[in-house]
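Presented below is the structure to which this report refers.
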Amino acid sequence: DDLSIRLKDPKQWVSPTGDDANLRHSALKQITTENVGKLVIDWQFSTGVLRGHEGAPLVIHNVQIPEQTATDKNGKSFVTRKAFTTDVMYLHTPFPNTVYALDLKDPDHKIIWKYQPEQDAQVVAIMCCDSVNRGLAYGDGKIFLAQADTTLVAFDAGAGAIGGPKRNEPLWSVKNGDPSKGHTSTAAPHVFKDKVLVGIAGGEFGVRGHITAYDVKTGKLLWRGYSTGPDAETLIDPEKTTHLGKPVGKDSGINTWEGEQWRTGGGTTWGWYSYDPELNLVYYGSGNPSTWNPSQRPGDNRWSMTIWARDLDTGKVKWVYQMTPHDEWDYDGVNEMILADQTIGGVKRKALVHFDRNGFAYTLDRVSGELLVAEKFDPAVNWAAKVDMDKNSKTYGRPLVVDKYSTQHNGEDVNTEGVCPAALGVKDQQPASYDAATDLFLVPTNHVCMDYEPFRLSYTAGQPYVGATLEMFPADRDKGDMHTGAFIAWDAKAGKIVWSNKEAFSVWSGALSTDGGVTFYGTLEGYLKAVDTKTGKELFKHKTPSGVIGNVISYETSGKQYVAVLSGVGGWAGIGLAAGLSKSNEGLGAVGNYASLANYTALGGVLTVFSLPN
Ligand SMILES: O=C(O)c1cc(C(=O)O)c2c(n1)C(=O)C(=O)c1cc(C(=O)O)[nH]c1-2
-9 DDLSIRLKDP KQWVSPTGDD ANLRHSALKQ ITTENVGKLV IDWQFSTGVL
41 RGHEGAPLVI HNVQIPEQTA TDKNGKSFVT RKAFTTDVMY LHTPFPNTVY
91 ALDLKDPDHK IIWKYQPEQD AQVVAIMCCD SVNRGLAYGD GKIFLAQADT
141 TLVAFDAGAG AIGGPKRNEP LWSVKNGDPS KGHTSTAAPH VFKDKVLVGI
191 AGGEFGVRGH ITAYDVKTGK LLWRGYSTGP DAETLIDPEK TTHLGKPVGK
241 DSGINTWEGE QWRTGGGTTW GWYSYDPELN LVYYGSGNPS TWNPSQRPGD
291 NRWSMTIWAR DLDTGKVKWV YQMTPHDEWD YDGVNEMILA DQTIGGVKRK
341 ALVHFDRNGF AYTLDRVSGE LLVAEKFDPA VNWAAKVDMD KNSKTYGRPL
391 VVDKYSTQHN GEDVNTEGVC PAALGVKDQQ PASYDAATDL FLVPTNHVCM
441 DYEPFRLSYT AGQPYVGATL EMFPADRDKG DMHTGAFIAW DAKAGKIVWS
491 NKEAFSVWSG ALSTDGGVTF YGTLEGYLKA VDTKTGKELF KHKTPSGVIG
541 NVISYETSGK QYVAVLSGVG GWAGIGLAAG LSKSNEGLGA VGNYASLANY
591 TALGGVLTVF SLPN
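So for the sequence shown, the numbering used here puts the first residue at -9; every next one is plus one.
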């Protein structure tokens, strides 16, 4: 069908993650290690919005743009634009979530249509980590947007918002949550076959996480699977759903919590989703248990901090793997699941590779959920000695927590110093890419530690339910080294770093590897960088107008390859600049650690598109 044909075409960028497997790899190869140094700016576009610009645009070829008409004062209709077919870029912004459809074949990159949602600006106050949005989805000839206020809207890709019954109205829209209870939306929707999947954010407000499948044609809710609660609502089968090869048993989403705490227990789903069409399974991760104060919620807090495999058609859970049982550090498990086959111990596996906030990179068998590799991807990680890989051990599959970095003891809060990584992890939402030619994963990382002080609080719907005060700092501060990031290449079979490039700041931008042997990423100071995928050698850099927290993409139109990235500093790392905060422990503890970013860049959303000179 239309979607699967487009997904195979490297000239388009059809899914927010590049493809269903979340590889974020482009098979285009006009731009190579030899010529990437010659890249120049081809065109730029200001989004008109100031705060953090995450995600990336979509590129869809051969979109039919319908005729446009208007009526004069006598009621006579005339044509203002003839119907035409062109390649279109769909660009989104953070709140207010404006959507632009830009004509890629027009020399002026004219705006074909624009959508400006009407949303209550109050929603920005309940977004934990800047008013970000991670992008749009395409399917069934439609563009899907998950607005900050949790409204999911669908447009005709060609006609846009004016395709609806009234001007600036979508084809259909549904409410996926309720901001008055702390629900927001920051994740990109994902279309798999005939369904559009959306998650929910609000783990810092005690929101009970869920993932929901809607019919692409009508917006009808088809299934919803919660992260916590009774089996009927998690869609877990106590006998058939497995955790590390064993059935999970009855109501596992309730009985690892005290009383009714699972109702406000978090496990939100604000990351990326992937899909294996052969297995018909959807993969994603759930976030932190609420509150951040661990002594207030005894138990493993299942299924927060978990990798999920659900059947696309029914939502039923095939397997789960909880990475950080009873989280004490806010290590949300939502980062992308990369579906890339790996040969481990001589056996070819349908693998899933995941770089978790907790600092471990996991390789699992995505058919069965078997744990194959779990190793630290930053040497600074100290909260756990290792993940227990002994299948006969009682603690099999669990991180072995180092007592001194536990933020509670005997049910009491402990002010804990020097925990690595910080709450924003060795990697946050910024997605990695996978290059099959070198069998390397290219990973944007943080190199940050924290002091974590839990405090007691009670739940009030729609109010912050954080329960800890943090302060973050560079992992090597004691050695006088203030860098807070690195861009690394990872071997997921051995669980080893192959090369690592130090970065002054956390790399909060998504990577793109290409068949030209070049890998791209952005930096918080504002650079777009290109490195040799094999060696990490820097081949190109260009400073864009603002810090980059967007994800790099590549596309081809009229026979030419382009590389595009959004700049616009913000997100959790850039929250000091984005929200104008200055106290070091503001912005959930991130402000102080990134204060010097103000010496390099300032706010403003701009898309920059690069190409080789003619
Ligand atoms: O628990 C949640 O629901 C939730 C939501 C979000 C979000 O929606 O952006 C983030 C986080 N948690 C979070 O823990 C986090 O580190 C984070 C970073 C960012 C960002 O965009 O830079 N968002 C979020």
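Don't be surprised by glycine CBs; every beta carbon is placed ideally from N, CA and C. Given the structure is predicted, the values throughout are model-derived calculations rather than measurements.
Near ligand 1: residue i beta-carbon under 6 Å from a heavy atom
i, result
"G172", "no"
"L414", "yes"
"A191", "yes"
"N186", "The question names Asn, but residue 186 in the sequence shown is Val. No, Cβ of V186 sits at least 6 Å from all heavy atoms of ligand 1."
"D317", "no"
"T59", "no"
"G537", "no"
"V122", "yes"
"T176", "yes"
"C118", "yes"
"D418", "yes"
"T218", "no"
"D130", "no"
"G627", "What is shown of the chain runs -9 to 604, which leaves residue 627 out entirely."
"D322", "yes"
"G561", "yes"
"G516", "no"
"T598", "no"
"T75", "no"
Expected contact under 8 Å - CB spacing of residue i and residue j to nearest Å
i, j, result
"A563", "W498", "5 Å"
"L126", "Y80", "5 Å"
"V542", "L514", "About 14 Å separates the two Cβ atoms, so there is no contact after all."
"Y442", "G196", "Incorrect: roughly 19 Å between the Cβ atoms, too far for contact."
Residue nearest to residue i in terms of C-alpha spacing, selected from the options
i, options, result
"W309", "T333, P279, L342", "L342"
"A178", "N348, S170, D184, G189", "G189"
"F68", "Q251, Q58, G275, L18", "Q58"
"P444", "K366, A115, Y455", "Y455"
"K207", "E268, K340, I21, F182", "F182"
"T504", "T304, F431, A484, G289", "F431"
"K486", "V433, T83, G415, L302", "V433"
"A115", "D77, G577, T509", "G577"
"G129", "D317, N123, K66, D146", "D146"
"D96", "W33, N123, D425", "W33"
"T406", "D468, K550, T397, D320", "T397"
"M327", "Q312, D346, F530", "D346"
"G215", "T259, S163, G452", "T259"
"C410", "D429, V404, N382, C439", "C439"
"K366", "Y352, D62, L225", "Y352"
Cross-strand partners of residue i (DSSP beta bridge)
i, result
"E365", "A351"
"I190", "None, per the DSSP bridge assignment."
"P464", "V438"
"W480", "F431, I487"
"N541", "G500"
"H399", "E402"
"I31", "F600"
"A224", "The identity of residue 224 in the sequence shown is Thr, whereas the question assumes Ala. BP columns for T224 are empty, so no partner."
"R300", "V272, V307"
"P444", "A458"
Residue i to residue j span [Cα, whole Å]
i, j, result
"H473", "R292", "35 Å"
"G148", "D168", "30 Å"
"P369", "G42", "29 Å"
"K306", "N348", "27 Å"
"Q419", "K100", "31 Å"
"Q251", "P389", "23 Å"
"D227", "K210", "24 Å"
"A374", "A494", "26 Å"
"T534", "A191", "30 Å"
"G239", "D221", "10 Å"
"D301", "I133", "24 Å"
"D393", "N283", "16 Å"
"E229", "S358", "14 Å"
"S536", "G561", "13 Å"
"E47", "R253", "What sits at residue 47 in the sequence shown is Pro, not Glu. Each residue's alpha carbon lies about 36 Å from the other."
"K550", "L94", "11 Å"
"F350", "G38", "38 Å"
"V488", "K524", "9 Å"
"V416", "G256", "21 Å"
"Q332", "T70", "54 Å"
"W319", "A413", "6 Å"
"Q2", "I(-5)", "11 Å"
"T23", "T459", "45 Å"
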